[in-house]
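Everything on this sheet refers to the single structure shown next.
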Amino acid sequence: TVGAVALDCKGHIAVATSTGGMSGKAVGRIGDTPQIGSGTYADDYIGGVSTTGHGETILKYCLAHSIIKLMENGKDASTATKMAVEGMTKRLNNTAGAITLSKNGDVGIHFSSQRLAWAYIKSNKLFYGINHDE
Amino acid sequence: MVPTIIVHGGAGDIPGSRVEGKLKGVKLAAVIGQRILSEGGSALDAVEAAVVSMENDEYFNAGYGSVLNLRGEVEMEASIMCGKDLNVGAVTLIKEFLHPISIAHKVLTDSPHSLLGGEGAKLFALEKGFSPVPPESLISEHARAALNSFLEHGEFGRTEIGMDTKSDVG
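Those protein sequence lines, which keep their order, are chains F and Y.
To convert, count from 1 in the first sequence and add 23; that's our numbering.
Take the second sequence: its position 90, counted from the start at 1, is 84 in our numbering, and no numbers get skipped.
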């Protein structure tokens, strides 16, 4: 799965997520990515989220919308992303990752899987990583 | 507002052999998206362009390089959402187009519906001028090997990429 979350000069947020799904999946299996609120969510008033990981688990937990609701209730992007991803893994065991931008451009990145490839550009500086604590 | 973009290239037990290609791909995608933002472009266009870049790249499970279903076929899905009016577009069970995210964007702008799948998504894409590609052109050697590995093990990992084995990841 791949995803992007952007905040433009007018303050609009947008999110895009695309995937091939899961290796060895049944013919006709549909995962979290096309399901708004699980794989993708965007709201100018709060922020945007794109998720990746074990699709059936992400969609049961509505992971993207869970992060949005935590931010709506005052959590910053990083805390909300960590709480929701860890909450999902604790509740349902399987792993995932998410990237988040708040309406103010604050970044959240968290994953309970072993790795997640990410990169972001803010104030013309490029940041990137793939392992925990990078 | 300071334009910002963040991208991801998938979560899982990513083996060391794939790390460099993934990092190169996510950096490129962020640069492509940021270029649109810095020229005053919309967040919607920026996220579509960033994802299109990764759908072209065999290091990512999307577009070319997508993983395979039990029949050895690519079946892709994508979604896109606009924070201004909560408008959405999504497609699923897409088999013969390189950029599902661009079709999803068209669903957002040109369809009264939110999610189109299978034959209907294909008809919509053709109607909107997207060119189909031979399905086998979307299949990478890595995806074929991953399916063979799955067929040996017969079970899903706890994540999206790879088995939940203790690979080289510390």
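Idealized CB from N, CA, C, for every residue including glycine.
Give me the Cα-Cα distance between Ala49/F and Leu31/Y, rounded to the nearest whole angstrom.
Translated into positions along the first sequence, residue 49/F becomes position 26. Translated into positions along the second sequence, residue 31/Y becomes position 37. Straight-line Cα distance between these residues: approximately 39 Å.
Val(-4)/Y: buried (16+ other C-beta within 10 angstroms of its C-beta) or exposed?
As a working mapping, residue -4/Y is identified with position 2 in the second sequence. By the neighbour-count rule (16 or more Cβ atoms within 10 Å), Val(-4)/Y is not buried but exposed.
For a contact meaning CB atoms closer than 7 Å, what does Thr54/Y contact in chain F?
In the second sequence, counting from the first residue as 1, residue 54/Y sits at position 60. For the sequence presented, residue 54/Y should be read as Phe rather than Thr. Residues of chain F passing the Cβ test: Val25.
Compute the beta-carbon to beta-carbon distance between Gly34/Y and Cys85/F, rounded to the nearest angstrom, for a pair I have assumed lies under 8 Å.
Reading the second sequence from its first residue, position 40 is the one you call residue 34/Y. Reading the first sequence from its first residue, position 62 is the one you call residue 85/F. Not really, about 34 Å apart at Cβ, beyond 8 Å.
Go ahead and pull the three-state DSSP assignment for Val127/Y.
Along the second sequence, read from residue 1 onward, the residue named residue 127/Y stands at position 133. Coil, per DSSP.
State the start and end residues of the unbroken beta strand (DSSP E) segment that holds Ser41/F.
Counted from its first residue, the first sequence places residue 41/F at position 18. For Ser41/F, the enclosing beta strand (DSSP E) covers residues Ile36 to Thr42.
Less than 7 Å between CB atoms is the rule here; does Lys113/F satisfy it with respect to chain Y?
The residue given as residue 113/F occupies position 90 in the first sequence. Chain Y contact via Cβ: absent.
Just reading off the alpha helix (DSSP H) that Ile30/Y is part of, what are its end residues?
Taking the first residue of the second sequence as position 1, residue 30/Y is located at position 36. Here the alpha helix (DSSP H) through Ile30/Y covers Gly10 to Ser32.
In DSSP terms, what Gly71/Y is bridged to:
Position 77 of the second sequence, counted from the start, is the residue given in the question as residue 71/Y. Per the sequence shown, the amino acid found at residue 71/Y is Glu instead of Gly. Its beta-bridge partners are Thr42/F.
Which residues does DSSP list as the beta-bridge partners of Phe150/F?
Position 127 of the first sequence holds residue 150/F. Bridge partners of Phe150/F: Tyr143/F.
Please confirm whether Leu177/Y has its beta-carbon closer than 7 Å to some beta-carbon of chain F.
Outside the shown range of chain Y, which is -5 to 164, sits residue 177/Y, and nothing can be said about it.
Quick check: what's the CA-CA separation for Ile153/F versus Thr74/F?
On the first sequence, position 130 is the one that residue 153/F refers to. On the first sequence, position 51 is the one that residue 74/F refers to. Rounded to the nearest whole angstrom, the C-alpha separation of Ile153/F and Thr74/F is 15 Å.
Counting only C-beta atoms, is Ser11/Y closer than 7 Å to chain F at any point?
Translated into the one-based positions of the second sequence, residue 11/Y becomes position 17. No, no contact with chain F.
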